[in-house]
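Presented below is the structure to which this report refers.
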Amino acid sequence: MPASSHPMPENAFGDAAREAVYRAIFTRRDVRSHFAPEPLDDAVLARLLLAAHHAPSVGFMQPWNFIVIRDMERRERVRDLFLAARAQELPAIAAERQALYRKLKLEGICESALNLCITCDRRRSETSPLGRWHNPQMDLYSTVCAVQNLWLAARAEGVGIGWVSILNEHALKGLLDIPDHVAPVAYLCVGRVSQFAPKPDLEANGWGSRLPLHELIMSEAFGGAGETALKETVTREARSCRA
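The sequence shown begins at 4 in the working numbering and counts up by one.
What follows is the structure, given as structure tokens:
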């Protein structure tokens, strides 16, 4: 992303640091393959978890916990849950896309260095309604912020993250002894990788493509027309990022 033509505020990052943040965002990938066999150093994992723990949370509730899963037998059982869930999902896929769906690599549960389940303890801040009185799901949204923090930090460390969403929640909770009041938000495959793909796997395999951002910007209300100058700037910035 090119440097701004306007003077940067004193509390802004320098050019190199700012570019590194955008690079992490634009080159982050949902990694399903290319995991290396080497273990992940605890110092690196600790930094990733610290990044996740410093995510924003509504009411400063910090509802997350982090289950580190290294045992291969347990991971094989999670993979069995994935395979069962995938078989259940297949009939819901449009008939003309089922062949492509079968070919997609959608997990690296046993290939990655370790697995990580990030959960949301829905009782942790039940005595404080701050930010949750009208929207009780803010604890879940806050936990997703922790996932994103960890993911971007992982990209900066050269660590791959793959989010396995094709899992039956009830079965996963039973396998990991997760209490009823705790929600598993993200089951992640974590490890060093041989490469980060230039494009997301689903885009590269023709499953979908990134929507044009200028078509998603609305003015003042949902569906509101306007912000022409902003949309033109967005399109120009997008071209420069691809250059």
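Even glycine gets a Cβ: it sits at the ideal position worked out from N, Cα and C. Predicted model only: the values in this text are computed from it and were never measured.
Classification of residue i by the beta-carbon crowding that lies within 10 angstroms, buried from 16 upward
i	result
residue 111	buried
residue 246	Note on residue 246: pLDDT 46, under 50, position unreliable in the model; no value is reported.
residue 303	Shown here, the chain extends from 4 to 246; a query on residue 303 therefore has no answer.
residue 231	exposed
residue 122	buried
residue 167	buried
residue 96	exposed
Three-state secondary structure (DSSP) of residue i
i	result
residue 2	Because the chain spans 4 through 246 in this model, residue 2 falls outside it and cannot be assessed.
residue 237	helix
residue 31	coil
residue 117	strand
residue 228	coil
residue 13	coil
residue 246	Since pLDDT at residue 246 reaches only 46, below the 50 mark, its modelled position is unreliable, and no value is offered.
residue 97	coil
Contacts around residue i, its chain only, beta-carbon distance under 8 Å, and the 5 residues preceding and following it disregarded
i	result
residue 196	34, 37, 38, 39, 161, 162 and 163
residue 178	77, 80, 81 and 84
residue 184	124, 125 and 126
Residues bridged to residue i [DSSP beta-bridge criterion]
i	result
residue 123	67 and 186
residue 195	162
residue 38	196
residue 72	118
Contacts around residue i, its chain only, beta-carbon distance under 7 Å, and the 5 residues preceding and following it disregarded
i	result
residue 13	none
residue 134	61, 62 and 141
residue 211	205
Residues near residue i by beta carbon distance below 6 Å, same chain, minus five either side
i	result
residue 29	none
residue 73	117
Note down, one range per segment and in chain order, each beta strand (DSSP E) of at least 3 residues found wholly within the region 137-192. Those beta strand (DSSP E) runs which fall completely within the region 137-192 and span 3+ residues are 162-166.
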